[in-house]
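Residue numbering for the sequence shown follows our numbering, beginning at 34 and increasing consecutively. We treat Cβ as the ideally placed atom computed from N, Cα and C, and that holds for glycine. Keep in mind it's a predicted model, so treat the numbers as computed, not measured.
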Amino acid sequence: MSTPLHARRITSNPRPGITLVVAAIAALATVAVLLVAVKSSEIVLIVDPGEIVRSGYAVSKTISNSAAAIALGTAFLLAAAVPVHEPSRRSLFRLLRSSAAVWAIAGFVASVFTFANISGVPLNEAGTAAFWSQFSFYSTGIELGQAWTTTIAAAVLVTVWASLTHSPGHAAALAGVSALALIPLAQQGHAAGSASHNLAVVSILMHVLFASIWVGGLVALVWLRRTLPGHLFPVVLRRYSAIAFAAFVAVALSGLVSATIRITDPATLTTTSYGLIVLGKVVVLVLAGILAALFRTWLLPHIHTGRTRLFWALAAVEVTFMGVASGLAGVLARTAPPGAEQEIYETGPVTAAESLTGSVFPAPPPSWVTVFQGQPDPFWLLLIIFSAATYLLATRAQRRAGTPWSWHRSAPFLAGLLVVLWVTCGPLSIYATYLLSSYVVTIVALLLAGACIAQGRPGHLALATLRLREDGTRGPREWATFLLRRPLGLFDDSPLGVGLVVLVTVVLAMIPAGMRWAVTEPLGRVVVLTAVVVAGAVMGSALRRALTGRRAGDIALIGGLAACALAGTAVTLLGSTVMLDWFKTMNPGGHPAADADQRLGSVILLISAAATALTAAVLALRALTGPRAATPSLTSEDSHS
34 MSTPLHARRI TSNPRPGITL VVAAIAALAT VAVLLVAVKS SEIVLIVDPG EIVRSGYAVS
94 KTISNSAAAI ALGTAFLLAA AVPVHEPSRR SLFRLLRSSA AVWAIAGFVA SVFTFANISG
154 VPLNEAGTAA FWSQFSFYST GIELGQAWTT TIAAAVLVTV WASLTHSPGH AAALAGVSAL
214 ALIPLAQQGH AAGSASHNLA VVSILMHVLF ASIWVGGLVA LVWLRRTLPG HLFPVVLRRY
274 SAIAFAAFVA VALSGLVSAT IRITDPATLT TTSYGLIVLG KVVVLVLAGI LAALFRTWLL
334 PHIHTGRTRL FWALAAVEVT FMGVASGLAG VLARTAPPGA EQEIYETGPV TAAESLTGSV
394 FPAPPPSWVT VFQGQPDPFW LLLIIFSAAT YLLATRAQRR AGTPWSWHRS APFLAGLLVV
454 LWVTCGPLSI YATYLLSSYV VTIVALLLAG ACIAQGRPGH LALATLRLRE DGTRGPREWA
514 TFLLRRPLGL FDDSPLGVGL VVLVTVVLAM IPAGMRWAVT EPLGRVVVLT AVVVAGAVMG
574 SALRRALTGR RAGDIALIGG LAACALAGTA VTLLGSTVML DWFKTMNPGG HPAADADQRL
634 GSVILLISAA ATALTAAVLA LRALTGPRAA TPSLTSEDSH S
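(1) Assign residue 493 to one of two classes, buried (16 or more other C-beta atoms within 10 Å of its C-beta) or exposed (fewer than that).
(2) Am I right that residue 473 and residue 637 are in contact with their C-beta atoms under 8 Å? What's the rounded C-beta distance?
(3) Using alpha carbons as the reference points, say which of 153, 246, 601 and 143 lies closest to residue 276.
(4) Rounding to the nearest angstrom, what Cα-Cα distance links residue 172 and residue 145 in this structure?
(5) What residue range does the alpha helix (DSSP H) around residue 431 cover?
(6) State the start and end residues of the unbroken alpha helix (DSSP H) segment that holds residue 445.
(7) Could you pull out every residue in the same chain whose Cβ sits closer than 6 Å to the Cβ of residue 652, ignoring the five residues on either side in sequence?
(8) So, with DSSP's three-state summary, where would you put residue 176?
(9) At which residues does the alpha helix (DSSP H) containing residue 323 begin and terminate?
(10) Is the beta carbon of residue 210 sitting closer than 8 Å to the one on residue 220?
(11) Count Cβ pairs between the region 278 to 289 and the region 134 to 148 that sit closer than 8 Å; are there 3 or more?
(12) For residue 150, which of helix, strand or coil comes out of DSSP?
(13) Alpha carbon to alpha carbon, what distance is there between residue 528 and residue 8?
(14) With DSSP run on the structure shown, which of helix, strand or coil describes residue 196?
(15) Could you check where the alpha helix (DSSP H) with residue 161 kicks off and where it finishes?
(16) Taking its Cβ as the centre, do 16 or more other Cβ atoms sit within 10 Å of residue 98, making it buried, or is it exposed?
(17) In chain order, what residues of the same chain lie with their CB nearer than 7 Å to the CB of residue 164, ignoring the 5 residues before and after it?
(18) Which residues in the same chain have their Cβ closer than 7 Å to the Cβ of residue 191, if we skip the five residues on either side of it in sequence?
(19) Identify the continuous alpha helix (DSSP H) that holds residue 493 and give its terminal residues.
(20) What are the boundary residues of the alpha helix (DSSP H) that residue 624 is part of?
(21) Could you pull out every residue in the same chain whose Cβ sits closer than 6 Å to the Cβ of residue 655, ignoring the five residues on either side in sequence?
(22) Is DSSP giving residue 241 helix, strand or coil here?
(23) Measuring only the C-alpha atoms, how far is residue 433 from residue 498?
(24) Check for me: the alpha helix (DSSP H) holding residue 278 runs from which residue to which?
(25) Smallest Cα separation from residue 116: which of 443, 440, 176 and 266?
(26) If we ignore side chains and look at the alpha-carbon of each, how far apart do residue 50 and residue 280 end up?
(27) Around the Cβ of residue 323, are there at least 16 other Cβ atoms within 10 angstroms (buried) or fewer (exposed)?
(28) Determine the direct distance from the alpha carbon of residue 489 to that of residue 443, and round the result to whole angstroms.
(29) From what residue to what residue does the alpha helix (DSSP H) around residue 616 run?
(30) Among the residues of its own chain, which have a CB less than 7 Å from the CB of residue 603, if the five just before and after it don't count?
(31) Give me the Cβ distance between residue 308 and residue 296, rounded to the nearest whole Å; I'm assuming they're in contact under 8 Å.
(32) Straight-line CA distance for residue 416 to residue 243?
(33) Let me confirm a value: residue 354 is counted as buried when at least 16 other C-beta atoms fall within 10 Å, else exposed. Which label applies?
(34) For the alpha helix (DSSP H) holding residue 202, just list the boundary residues, first then last.
(35) For my contact list, residue 482 and residue 569 are in at a C-beta cut-off of 8 Å; report their separation, rounded to the angstrom.
(36) If you draw a straight line from the alpha carbon of residue 306 to that of residue 496, how long is it in whole angstroms?
See the structure below:
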């Protein structure tokens, strides 16, 4: 069978390959110039333990990071993109467990070098029992050592788990474990002590996770080419291309936010070592993005011809770029941000709140002036933009298919996203750390936002527009179906279950343990706020179905339990001050102001409970005014769309 004419033209023309080589040389030359411009005396190392420890740590940490990225990217690709082909899956699982084993070993070595760095114990004492006794205490009793221990244990778990299974479902679980294993160490370093601590940590977490998926997925793709049949390879390439695009956007956004936190003066980009390295990372990232765009728009449509020489050239260049970016990231992690010297040696008096959060109490206090102020959270910003864009594209697809999507559904969905955006990236994202009343408003607003989002019926729209895969993999439609039928489908005919979900979520978010986790820990904040939005969406969806089915009793039960949850937590706030050690410290007015702010939070919850009960009563009355109609369940309704 002859090769198509357009394929012959593309593979015979050497210019695209030459262009890629020139781009690679230009990128490497740019990075080389930047690194030469950075004099060693300008690089401020937090600790200088000597050449052996410093070099050993850098090498072992680089190997550990690279292996972790390959493990996470491979697991993610197995879970979302690789069709049913047993030899290919077995090959990728071999890569997964091998990279996880290297990750664990290199991580242990890096942990030893880190211990030698911060303890001052020389490595020539590594043969003594005293050295390992101190190392054991460091690994279990010191926060940095505990982070390393957790990461190493997770890498060992991934190694053993990947040796026992070859299922795509288990691959998804392994991807989750690998992602969680990156969190402890990502929370250390500059982000741990910087101003805007929560924002800095979230940015670093996003940067590390999505960069690992991007880099590791590409390595797994190159590895996969040895065993995957030629007719299946373009399918995996297209799926990886979509994953890489999303990862690129996330890496760029989180990197931008992270850099702006540490570089407040643009002049320091060219006058400090830290700024020059950041510029180097930006150059490499932009060129890697250009290559990815060329691949997606130009090479991908022709890859089905089997002429994959240019693909290998592109993959090699992009891996090189990613390696350079990873190397620059390693140097950046060991370089103090601009102004760090003054922070270390010229520290002036700080408030108690600043000592805990890295920043002073926000000025001015909450008022109408601060309604549209805030700080962008890259996690929520990316999630909201992606959700809105996907939803609007799906509605356009519905219109083109001749089944227009009503604006009565789109409007509440987009309004709910706007509320989430205002809460997570607006003034509440700042004040909720300092004022309990702001945290209360956060919980109530997100519960309402989730209920609004559910009125847009995103699950129904997803199953109506997403393409069904027939190769045994789980794509967006398959995961949407799984979520609707398993976790969410359990509440189709259980208004009591829905009400209990809302009640338990609100109570857990408002008890001291849950509140402390959400207020003081970046990961806890993400988990708690996400749970509240999901609980609101479950409640909104159940109320919509009950109203359609004219089931007034179900509406009353769900609304009543939600109102009880809000009122019950309001009563608890009328007693002694919750988290007195925290909110007394955060509030400039001390204990009296914190106590008054807590009473304000209680009033807000009581008003919200009354509004919830009144809304449920109105909806129940409306349900009684018409004949009862049978309403299909959420999963059956959506699965027949």
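Taking the coordinates as given:
(1) Taking a 10 Å sphere around the C-beta of residue 493, we find 16 or more other C-beta atoms and assign the residue as buried.
(2) 5 Å
(3) Among 153, 246, 601 and 143, the Cα nearest to that of residue 276 is on 246.
(4) 9 Å
(5) Counting along the chain, the alpha helix (DSSP H) containing residue 431 begins and ends at 411 to 433.
(6) From DSSP, the alpha helix (DSSP H) with residue 445 extends over 440 to 458.
(7) In chain order, 580 and 588 place their CB closer than 6 Å to the CB of residue 652, counting only its own chain and leaving out the 5 sequence neighbours on each side.
(8) helix
(9) Counting along the chain, the unbroken alpha helix (DSSP H) around residue 323 starts and ends at 306 to 327.
(10) no
(11) no
(12) helix
(13) No statement about residue 8 is possible, as the shown extent of the chain runs from 34 to 674 and does not include it.
(14) Note: residue 196 maps to helix in three-state DSSP.
(15) Residue 161 -> no alpha helix (DSSP H), and no H or E assigned at all.
(16) buried
(17) 154 and 158
(18) 104, 133, 207, 210 and 211
(19) 491 to 498
(20) 623 to 657
(21) none
(22) helix
(23) 11 Å
(24) 266 to 295
(25) 266
(26) With a pLDDT of only 40 at residue 50, under 50, the local geometry of the prediction cannot be trusted, and the value read off the model is given with reservation. Taking the straight line from one Cα to the other gives about 25 Å.
(27) exposed
(28) 5 Å
(29) 613 to 619
(30) 635, 638, 639 and 642
(31) 6 Å
(32) 13 Å
(33) buried
(34) 201 to 219
(35) 6 Å
(36) One C-alpha to the other measures close to 50 Å.
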